[in-house]
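See structure below.
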């Protein structure tokens, strides 16, 4: 930050010139490239919003509002119509006739081009708790902006009216087709009656035959009505189910917490009404009469249904969510009533079908001549009644179709187009900011480092040369420095302090250490840095990626060679857990860590928070483990638990896939210089690594005379197996 401020004060003239140049570019942009837009607003009110089976677009993110029509969010359908291509095509035809030059200037040649341009210019917003839509239009022509918005509203009104009429027109068309079919059947029956009279000289039928025929055809008419009602109820149930997200009314009622089973209440009311009907019939007919038998069967069916329902009501039902709003509860109640009514209707239908079978058996005993004639007569009468009823419905449908009027009202007509300056202001600020930034960057580039080597990297610290006979004075039997006041102890302490400062500045917690020599023997530089971080009160975990060094650590830590205590086992277990259960818990990863980590004592009397995770066994596919999801999950777990996560890169060229992938997953990369490498050699190596997307900003330097130290293997370390 200090260097940044110094550049600003030092290069004030350059920054001012850069801002002036950006201002000039802004003027050129405004004069030749900026397009001025004008905004006009309007409001419309939609009365009795209908619900159509069309998809709605909720990209605007507006809240769902209640509508006077009784539906949950019908206004989103209206928004969909306003943003539809069919509407924009109608607006295109009208606007093109009145403003053809505007289309030529925008190079709009087809309705599809206009829709792609128009849909981004008109915006619709639902005003919460109302049936009102607020429309706005951003238009490049101030003369036609309000006209285009008004034409959009006019075309929307027409299209909305057409949609509403289409529903009634389809119903009217269905009634017409149904009436035509009834008329054809009635004509055919009358021709059969005429031909049968002429052939068999039939004049009158017996009273019983007439009554049986009348009863049968009344039942058939009732069956037809029941089927129609059942079909209608099934449609209602499907609609209610889609709205609530429940397929069963019983579960929907449980979700409303009403506490009453409307289905059972409806069945009981239906049973009472059927029993009353049975009592009335037994006063006129005996128990063998067909209608009496049908009512008895219906009572028996209702009793069975009520019994089953009562038993089901005592069972637990899994409810995925609750219905607490009043509209949803009302729909759930209506759904239960409809379902109960449907069950009742099906019972009646089954009973009537059985009764018709009984009537047919009775008819078989009558003379065939009279039976056939009376059947034709009753068919004619039944079809005539159906024809009259459908004819009445046809007239009602025609009246409804013609009674539909426009339900869209303009509350606020399009306002006078106003110029929008917000985009121009943002552009001005953007140019000024870009100019200032360019000036600062130019000043930064002008600053040249005093040492060209430090332009490539910065030193973390230097390990000075010591004689072999002084080694035991510096290091204890664990391979750790004896004191921070010794030569190497002070170096490691300084490196640890530098890392703490870097971590505080850059938030770097995961740090890798790679050697400039890919064929080195085992080294304990990284463990000593970790130990000094632990001495400074930081929690540290070291992932020993070099299996040679890890095996030596296990020997020197006196750990048994078992299948556990291996970093690869942890990654393998986490990957298996994720592939099996699709997730991994911190508790499970903590268990794996406790099982495999080695807790290191910095000295015999001080138990610091320092752990090592070794890779004991050499694996051929280490690259696959590094790129796995389990590796990323475990590193994130370690970052959350420890202050520092240090990774010792394997003793291979850093350009190898395993090494490069490990370094790319860390927050900071540090190179340990070989004793034979000069500063310039290290700089060249680091520059070459940039071609492999490897950024190494820091280096641990080595004294050129420290070969004896580098080639010597450190003494045994002292550690505890956490198990």
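Numbering (this note's numbering), first residue to last: 5 to 727. Idealized CB from N, CA, C, for every residue including glycine.
Which listed residue (596, 585, 536, 583) has its alpha carbon closest to that of residue 604: 536
Would you tell me roughly how many angstroms separate the C-alpha atoms of residue 225 and residue 342, rounded to the nearest one? 22 Å
Taking all protein chains shown into account, decide if residue 331 is buried (16 or more other Cβ within 10 angstroms of its Cβ) or exposed. exposed
What is the DSSP secondary structure of residue 705, reduced to helix, strand or coil? strand
Under 6 Å Cβ to Cβ from residue 289, same chain only, skipping five residues before and after it: list those, please. 296
Any chain E beta carbon closer than 8 Å to residue 499: Reference to chain E is not applicable here, since this structure consists of a single protein chain.
Which residue wins for smallest C-alpha separation from residue 255, given the options 499, 308, 313? 313
With residue 138 as the anchor, note down where its beta strand (DSSP E) starts and where it stops. 136-143
Mind checking who residue 46 pairs with in its DSSP beta bridge? 139
Less than 8 Å between C-beta atoms, sequence neighbours within five positions excluded: which residues of the same chain meet that for residue 354? 301, 305
Check whether the stretch 429-441 and the stretch 171-188 touch, using three or more Cβ-Cβ pairs below 8 Å as the test. no
Option nearest residue 124 by Cα separation, candidates 142, 686, 109: 142
At least 3 beta-carbon pairs within less than 8 Å: the stretch 461-468 vs the stretch 31-47: no
Residues sharing a beta bridge with residue 675, DSSP: 518, 703
Using the Cα positions of residue 659 and residue 30, report the straight-line distance between them to the nearest angstrom. 46 Å
Under DSSP, the beta strand (DSSP E) around residue 615 begins and ends at which residues? 614-618
Between 381, 349, 522, 166, which lies nearest to residue 675 when the distance is taken from Cα to Cα? 522
Whole-number beta carbon distance between residue 412 and residue 50, since they are thought to touch under 8 Å: 6 Å
When the Cα of residue 283 is compared with those of 303, 194, 270, which residue comes out closest? 303
Compute the Euclidean distance between the alpha carbons of residue 538 and residue 499, then round it to the nearest angstrom. 13 Å
Which partner residues of residue 651 appear in the DSSP bridge assignment? 516, 547
Would DSSP call residue 423 helix, strand or coil? strand
Would you report the Cα separation of residue 263 and residue 248, rounded to the nearest angstrom? Because residue 263 carries a pLDDT of 48, less than 50, the predicted location of this residue cannot be relied on, and the following value inherits that uncertainty. Using only the alpha carbons, I get a separation of about 18 Å.
Between the alpha carbons of residue 429 and residue 17, how many angstroms are there, rounded? 25 Å
Nearest-angstrom Cβ-Cβ length linking residue 640 and residue 668, presumed shorter than 8 Å: In fact, because the Cβ distance is near 16 Å, the residues do not count as touching under 8 Å.
Would residue 298 and residue 232 qualify as a contact pair, given that the criterion is a beta-carbon distance under 8 Å? no
Residue burial classification, residue 266 (beta-carbon count within 10 angstroms, cutoff 16): buried
Which residue from 128, 268, 107, 101 puts its Cα closest to that of residue 80? 128
Could you tell me which residues DSSP puts in a beta bridge with residue 530? Bridge partners of residue 530: none, in fact.
So, under 8 Å CB-CB, residue 573 and residue 600 are touching, yes? Tell me the CB distance rounded to an integer number of Å. 6 Å
Using the rule of at least 16 other Cβ atoms within 10 Å of the residue's Cβ for burial, across every protein chain shown, is residue 347 buried or exposed? buried
Helix, strand or coil: how does DSSP classify residue 128 here? strand
Keeping to the same chain, check which residues put their C-beta closer than 7 Å to that of residue 638; ignore five residues upstream and five downstream. 574, 575, 578, 593
If residue 548 and residue 652 are in contact, beta carbons under 8 Å, what's the gap, nearest whole angstrom? 5 Å
So, with DSSP's three-state summary, where would you put residue 596? helix
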